[in-house]
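Residue numbers (this note's numbering): 7 to 361. Note that CB positions come from ideal geometry on N, CA and C, so glycine has one too. None of these values were measured; they are calculated from a predicted model.
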């Protein structure tokens with residue numbers, strides 16, 4: 007079933023005659039075209055991409071024949087014409103995205119219809135990735151893997167700062183075909199590696215762990231991975247922490263498959279870490295990835311009761327963070343399958359020492 011077909015199926019279930027889409031990621035998902043001025047109006051009979059002159063030619067070349075691309079002089083008049091011609095009575099809108107002012111403007115301009123909040127209806131459709139989306143995300147992760155391969159060749163603790171590491175990773179992703187970055191690159195060393203989302207500093211790499219969390223954006227879709235290496239020789243405590251995180255991740259990867267509980271998956275990894283490092287794993291095990299870097303569902307203590315489904319793509323990223331000392335995280339991106347997972351991430355996970 008097409009993306010529009012999935013949306014129309016939900017529209018019928020919720021007794022909606024039309025849906026107006028303003029969220030740019032949802033627009034991109036439905037139309038396979040990224041634009042920043044306009045909206046998509048989907049009815050049970052038609053689909054309309056409304057934008058301005060700047061995007062018109064590109065849209066005509068990019069969207070499928072299911073869409074009519076339009077640049078009406080008065081967009082409100084266009085909506086009213088469709089409402090009248092298709093006898094539309096109820097219009098769904100993205101209540102989690104639309105501002106109150108814009109909502110009131112819509113109600114005032116179109117008083118003959120009822121507006122219904124669809125919440126995260128489209129985001130829920132986005133959770134199950136199509137084969138085309140999966141192929142794009144593999145390309146994004148391949149780029150990210152190549153960036154890690156590059157950084158291992160150039161890491162130099164004597165001359166490089168944390169910012170240098172972040173820049174090298176981003177350069178390598180761009181060089182290998184990334185359209186951009188999925189999020190702000192993290193590269194933190196020494197005591198700063200205990201910060202799960204620390205910001206790269208203009209300081210030379212410190213001894214201890216260097217945690218690098220980074221991802222490419224390719225054709226609109228994100229990848230996400232983390233690798234931790236040792237700056238200098240790793241002592242027995244560092245090796246124990248690294249081994250514990252790797253065992254936790256391996257156990258979670260082996261547990262994951264369609265039908266298992268998302269909260270239980272988090273618990274599998276957390277129980278291993280808590281044996282020696284109770285309360286040192288302060289974030290969830292993972293999150294879904296797609297057009298946005300943090301999507302639903304999540305592998306979290308708050309996710310008990312949610313059963314994972316084939317086609318969902320999630321990160322698996324346990325970590326241990328010792329305040330003021332150092333931290334370690336290992337992250338792969340995987341697709342949920344019937345009998346296990348498909349791992350997009352191919353970078354090695356044995357502990358690397360840089361000295």
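DSSP state of residue 99 mapped onto helix, strand, coil
In the chain shown, the residue the question calls residue 99 occupies position 93. DSSP places residue 99 in strand when its eight states are reduced to three.
State whether the stretch 86-106 contacts the stretch 57-71, with contact taken as three or more CB pairs (one from each stretch) at a distance under 8 Å.
With contact defined as three or more Cβ pairs closer than 8 Å, the stretch 86-106 and the stretch 57-71 are not in contact.
In chain order, what residues of the same chain lie with their CB nearer than 8 Å to the CB of residue 2, ignoring the 5 residues before and after it?
The question about residue 2 has no answer here: the residues shown for the chain are numbered 7 through 361.
Straight-line CA distance for residue 294 to residue 126?
Residue 294 sits at position 288 when you count from the first residue of the chain shown. Residue 126 sits at position 120 when you count from the first residue of the chain shown. Looking at the two C-alpha atoms, the distance is approximately 15 Å.
In whole angstroms, what separates the C-alpha of residue 290 from that of residue 319?
For this step, residue 290 is matched to residue 284 along the chain shown. For this step, residue 319 is matched to residue 313 along the chain shown. Residue 290 and residue 319: Cα-Cα distance of roughly 15 Å.
Would you mind stating whether residue 55 and residue 23 have Cβ atoms separated by less than 8 Å?
In the chain shown, the residue the question calls residue 55 occupies position 49. In the chain shown, the residue the question calls residue 23 occupies position 17. No.
So, are the CB atoms of residue 337 and residue 231 less than 8 Å apart?
For the purposes of this step, residue 337 is taken as residue 331 along the chain shown, with counting starting at 1. For the purposes of this step, residue 231 is taken as residue 225 along the chain shown, with counting starting at 1. Yes, the Cβ-Cβ distance between residue 337 and residue 231 is below 8 Å.
Are three or more beta carbon pairs between the stretch 176-191 and the stretch 138-154 nearer than 8 Å?
Contact between the stretch 176-191 and the stretch 138-154 is present: three or more C-beta pairs spanning the two stretches fall below 8 Å.
So what does residue 231 bridge to, in DSSP terms?
Position 225 of the chain shown, counted from the start, is the residue given in the question as residue 231. In DSSP, residue 231 forms a bridge with 220.
Quick check on residue 207: does DSSP put it in helix, strand or coil?
Within the chain shown, numbered from 1, the residue matching residue 207 stands at position 201. In the structure shown, residue 207 sits in coil (DSSP, three-state: anything other than H, G, I, E or B).
Mapping the DSSP letters down to three states, classify residue 298 as helix, strand or coil.
In the chain shown, residue 298 corresponds to position 292, counting from 1. Of the three classes helix, strand and coil, the one that applies to residue 298 here is coil, per DSSP.
In angstroms, rounded to a whole number, what distance separates the CA positions of residue 26 and residue 242?
Residue numbering aside, residue 26 sits at position 20 when the chain shown is read from its first letter. Residue numbering aside, residue 242 sits at position 236 when the chain shown is read from its first letter. Straight-line Cα distance between these residues: approximately 58 Å.
Are the CB atoms of residue 189 and residue 100 within a distance shorter than 8 Å?
Locating residue 100 in the chain shown gives position 94, where the first residue counts as 1. Locating residue 189 in the chain shown gives position 183, where the first residue counts as 1. No.
Do you know offhand how far residue 305's Cα is from residue 274's?
Within the chain shown, numbered from 1, the residue matching residue 305 stands at position 299. Within the chain shown, numbered from 1, the residue matching residue 274 stands at position 268. Rounded to the nearest angstrom, the two C-alpha atoms are 11 Å apart.
Should residue 349 be labelled buried (16 or more other beta-carbon atoms within 10 Å of its own) or exposed?
Counting from 1 along the chain shown, the entry for residue 349 is found at position 343. The residue is exposed, with fewer than 16 neighbouring Cβ atoms inside 10 Å.
Report yes if the C-beta distance between residue 206 and residue 168 is below 8 Å; otherwise report no.
On the chain shown, position 200 is the one that residue 206 refers to. On the chain shown, position 162 is the one that residue 168 refers to. Closer than 8 Å, so yes.
Check this for me: beta carbons of residue 361 and residue 238, under 8 Å apart or not?
If you number the chain shown from 1, residue 361 lands on position 355. If you number the chain shown from 1, residue 238 lands on position 232. Contact flag set, yes.
So the candidates are 193, 174, 221; which of them puts its Cα closest to the Cα of residue 351?
The residue you call residue 351 lines up with position 345 of the chain shown. Out of 193, 174, 221, 221 has the C-alpha closest to the C-alpha of residue 351.
Going by CA-CA distance only, name the one from 57, 269, 81 that's closest to residue 310.
Counting from one through the chain shown, the residue named residue 310 turns up at place 304. The candidate whose alpha carbon is nearest that of residue 310 is 269.
With respect to the alpha helix (DSSP H) encompassing residue 170, which residues constitute its N-terminal and C-terminal limits?
In the chain shown, the residue the question calls residue 170 occupies position 164. Note, residue 170: alpha helix (DSSP H), 168-181.
With 16 as the cutoff for other CB atoms within 10 Å, does residue 340 come out buried or exposed?
Position 334 of the chain shown, counted from the start, is the residue given in the question as residue 340. Answer is buried; the Cβ neighbour count reaches 16.
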